[in-house]
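The sequence shown begins at 1 in the UniProt record's numbering and counts up by one. Beta carbons are placed, not taken as given, at the ideal position from N, Cα and C, and that holds for glycine. No experiment lies behind these values; they were computed from the predicted model shown. This report concerns only the one structure given below.
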Amino acid sequence: MRVAQEEGCDYVSHGATGKGNDGIRFELAFLAINPKIQIIAPWRIPEFYNKFQGRSDLLEFAAATGIPVTSTKAKPYSMDDNIAHCSYEAGALEDPSIPPPDYMWTRTVDPRVAPDEPVDIAILFEQGLPVRLRVGDKEYTDSLELFTVLNEIGKKAGIGRIDIVENRFIGLKSRGCYDAPAATILRLAHLDAESLVMDGRVRSLRDQFVTHHWSELIYSGL
């Protein structure tokens with residue numbers, strides 16, 4: 001949205017379908033920042049969704065037009081990758097009786113074959129945010145570098161694989177698999193830090209009345 005403002009854009013677009021929460025989060029964020037922005041959502045345009053009936057149509061179009069995509073008919077699921085995580089959804093994963101294939105995971109090794117050797121790290125939090133990472137005799141303070149290093153440590157150790165069934169905002173259930181090495185390490189480290197500095201009763205009240213509700217609001221884009 002910052003770039004859209006700098007470029008004087010009247011429109012922004014996203015590729016989320018109407019089945020998930022992403023589109024709701026995107027659009028509420030767009031409009032909160034710029035109430036006048038107009039949104040193009042192809043999956044709400046009949047000319048688009050009538051032409052592309054499903055994933056196979058999209059893959060055929062991508063192949064015919066030379067658009068590089070990671071999904072294939074042999075790997076029938078969607079992937080969204082960023083510094084925080086890689087998510088895998090839809091396609092074959094919609095059957096909860098089918099375990100995710102080993103080749104699907106791109107950000108972590110199989111925990112069963114990960115090295116059985118500890119890595120000593122220290123993370124400094126200030127006002128809840130990680131500001132410094134120490135690994136051996138090296139220190140990292142840049143947030144991107146900190147996250148990148150933790151991703152690599154977690155990848156080698158097989159940390160951060162998640163396989164859950166989610167309850168979407170509109171009531172649908174959807175299976176989601178996630179690779180989130182750095183985020184998992186940071187969350188566990190923060191929980192450890194909380195046990196050292198937070199009053200037990202305060203922490204209990206926070207978890208009882210704030211944590212779950214706050215997470216639901218964020219998940220729903222509210």
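(1) Tell me the DSSP secondary structure of T65 in three-state form.
(2) Would you decide whether T106 is buried or exposed? Buried here means 16 or more other CB atoms lie within 10 Å of its CB.
(3) What are the start and end residues of each continuous beta strand (DSSP E) run of 3 or more residues lying completely inside the UniProt domain "Arginosuccinate synthase C-terminal" (77-222), in chain order?
(4) Go through its chain and collect everything with a Cβ distance to R55's Cβ below 8 Å, but skip five positions before and after it.
(5) Assign Q38 to one of three DSSP states: helix, strand, or coil.
(6) Buried or exposed for K155, going by 16 or more other Cβ atoms inside 10 Å?
(7) Below 9 Å between beta carbons: does that hold for L129 and I121?
(8) Got a sec? Which residues, its chain only, sit under 7 Å from A182 by beta carbon, not counting five neighbours each side?
(9) Please work out which residues of its chain come closer than 6 Å, Cβ to Cβ, to Y140, disregarding the five sequence neighbours upstream and downstream, and give them in chain order.
In short, the structure shows the following:
(1) In the structure shown, the three-state DSSP call for T65 is helix.
(2) Result: exposed.
(3) Qualifying beta strand (DSSP E) stretches, in chain order: 78-81, 86-89, 121-126, 129-135, 138-140, 161-167, 173-179.
(4) Here the set comprises S71, P76, S78, A90, G91.
(5) The answer is strand: DSSP assigns Q38 an E or B state.
(6) So K155 counts as buried.
(7) Not in contact: L129 and I121 (Cβ atoms no closer than 9 Å).
(8) Answer for A182: F147, L150, N151, G154, listed in chain order.
(9) The beta carbon of Y140 sits closer than 6 Å to the beta carbons of L133, L146, V149 from its chain, once the five residues preceding and following it are set aside; these are given in chain order.
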